[in-house]
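**Student:** For the sequence shown, full-length UniProt numbering puts the final residue at 358, and the numbers step up evenly by one. Just so you know, even glycine gets a beta-carbon here, dropped at the ideal spot from N, CA and C. In this text the structure is predicted, and so the values were computed from the model without any measurement.
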Amino acid sequence: MPSTGFLHDPKAALHHSPTKHYESPLRVAEAYTLLTEKALLSQCRSVRGRAATREELLLAHSAAYIDLLSLTKIDSSKYSSFLPADTFVNADSFDVACFAVGGVVEMTSMVLQGEILNGFALIRPPGHHCETDKPGGFCLLNNVAIAAKYARKQYGIGKIMIVDWDVHHGNGTQEIFYRDAGTLYLSLHRYEHSPGLFYPDAGKADRLGEGGAEGRNINVPFPYTPGGYSDDDYEYIFEEIFLPIANEFSPDLVLVSAGFDAARGDPMGEFNVSPECFGRLTQRMHRFAGGKVILVLEGGYHPQVLGECVVHCMEALLKPTTPPQNSQNFQNLNPLTLQLVQSIKTNLSKYWSTFKSQ
């Protein structure tokens, strides 16, 4: 039986903007085509999507917000005034978003029941910008947050690690778990110190969690630099910060907000991470939670580049070999990355013993 699950539903194409928009159905269509051409889908177990229940949506969102969002089914133009300018809906959007959530929840159940080891959810709309009662950044429902909450409620999963490598900070996921000591949120993203320069103006390194969850919200904010950052910078962050913390935390489940807008050629991120790098980052996740790893699509706005990134991640899921830790020389590190890592280790030494002697 295939150990890797794959989720995709043609219904995703029903959610679309009346005008040209980065977050278009072409994103997942191109990735699906590439996966088919590479004969990767035949090696996976298909995960059947379903609509999330209201009870499941309430795990991460308020009843008032769900009610408001559901009204867009009746008249998407009349009832969409609460949406920010960057986020669109049509009459099908709520159902599509619920189907995306339900599919990720279903995949989570299959992993936790041992039916599959890991999986990739090729879904849209994305979710990590959606807060408890506030949409944004093309996101309507927080797919990963709901799946994490479901895993805890339904299966009693104690420690959940969420890794977010989208170039935009997952402000919604941070908000939902900011006081949750059982959830470790790790994000590396672009951050501008002047407001308004890069969405969502969130993800500062000093946002560490609160209410007993201090040190469980880890932000690695890359400052802007011409040419952006590349493979060495991303993999160095993983080796020096994320993996040591993950080893100490020892999660029972790993969820990845897999955005690919940091990839070379993406029109938004202006970074230079290769598709192959995302495959290697996926490989590094295998050493945790007995390999129970679920990747959920977030951003990525160059369809061809996104598809290539998804292919490399799927190949890594299908062949779960773990690269040896600290196996690279990191010859092409940006000097800003070295400074950032040292600063973050100092900030985190209060919370994680792995950094106390550094």
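Counting Cβ pairs, one atom from each stretch, are 3 or more of them under 8 Å apart for the region 162 to 173 and the region 240 to 260?
**Tutor:** Yes, the region 162 to 173 touches the region 240 to 260.
**Student:** By Cβ distance, which residues of its chain are closer than 7 Å to L14, with the 5 residues on each side in sequence left out?
**Tutor:** As a first step, residue 14 is located in the sequence shown; it is residue number 14 there, counting from the start. Cβ within range, chain order: D92, V96.
**Student:** If I follow the unbroken alpha helix (DSSP H) through N217, where does it start and stop?
**Tutor:** To locate residue 217, count along the sequence shown from 1; it is residue 217. Not the alpha helix (DSSP H): N217 falls in the beta strand (DSSP E), residues 217 to 223.
**Student:** With N118 and G269 assumed to form a contact (beta carbons below 8 Å), what rounded beta-carbon distance in angstroms separates them?
**Tutor:** As a first step, residue 118 must be located in the sequence shown, where it is residue number 118. As a first step, residue 269 must be located in the sequence shown, where it is residue number 269. Actually they do not touch by this definition, with Cβ atoms about 25 Å apart.
**Student:** Closer than 8 Å by C-beta to E248: which residues in its own chain qualify, once you throw out the five before and the five after it? Chain order, please.
**Tutor:** Position 248 of the sequence shown holds residue 248. Same-chain partners within the cutoff: W352, S353, T354.
**Student:** Return the bridge partner residues of A121 from the DSSP annotation.
**Tutor:** Looking up residue 121 in the sequence shown gives position 121. Note: A121 sits in a beta bridge opposite L7, V296.
**Student:** Thinking C-alpha only, which one of G215, P221, R264, E23 is nearest G203?
**Tutor:** Numbered from 1 along the sequence shown, position 203 holds the residue referred to as residue 203. Ranking the options by Cα distance to G203, first place goes to P221.
**Student:** Please give me, in chain order, every unbroken run of the alpha helix (DSSP H) with length at least 4 that falls completely inside the region 133 to 171.
**Tutor:** Counting whole runs of 4 or more residues, the region 133 to 171 contains the alpha helix (DSSP H) stretches 143 to 155.
**Student:** In the structure shown, what three-state DSSP assignment does R190 receive?
**Tutor:** Working through the sequence shown from its first residue, we reach residue 190 at position 190. R190: strand per DSSP, three-state reduction.
**Student:** For the candidate residues T337, L112, G127, E175, whose alpha-carbon lies nearest to that of G211?
**Tutor:** The residue given as residue 211 occupies position 211 in the sequence shown. Residue E175 is the option with its Cα nearest to G211.
**Student:** Which class does residue 362 belong to by DSSP, given the choice of helix, strand or coil?
**Tutor:** It is not possible to answer for residue 362, since the shown part of the chain is limited to 1 through 358.
**Student:** Under DSSP, the beta strand (DSSP E) around A258 begins and ends at which residues?
**Tutor:** Numbered from 1 along the sequence shown, position 258 holds the residue referred to as residue 258. Unbroken beta strand (DSSP E) run through A258: 253 to 258.
**Student:** If we ignore side chains and look at the alpha-carbon of each, how far apart do A52 and V101 end up?
**Tutor:** Reading the sequence shown from its first residue, position 52 is the one you call residue 52. Reading the sequence shown from its first residue, position 101 is the one you call residue 101. Cα-Cα distance, rounded: 6 Å.
**Student:** What are the start and end residues of the alpha helix (DSSP H) that includes V273?
**Tutor:** Along the sequence shown, read from residue 1 onward, the residue named residue 273 stands at position 273. Segment: none, V273 is in no alpha helix (DSSP H) and carries neither H nor E.
**Student:** Let me check understanding here. Comparing Cα to Cα, which of L71, H61, G5 lies closest to S46?
**Tutor:** As a first step, residue 46 is located in the sequence shown; it is residue number 46 there, counting from the start. Considering only alpha carbons, the answer is G5.
**Student:** For the alpha helix (DSSP H) that contains R27, what are its first and last residues?
**Tutor:** The count along the sequence shown starts at 1 and reaches residue 27 at position 27. It spans 26 to 37 - the alpha helix (DSSP H) in which R27 sits, taken as one unbroken run.
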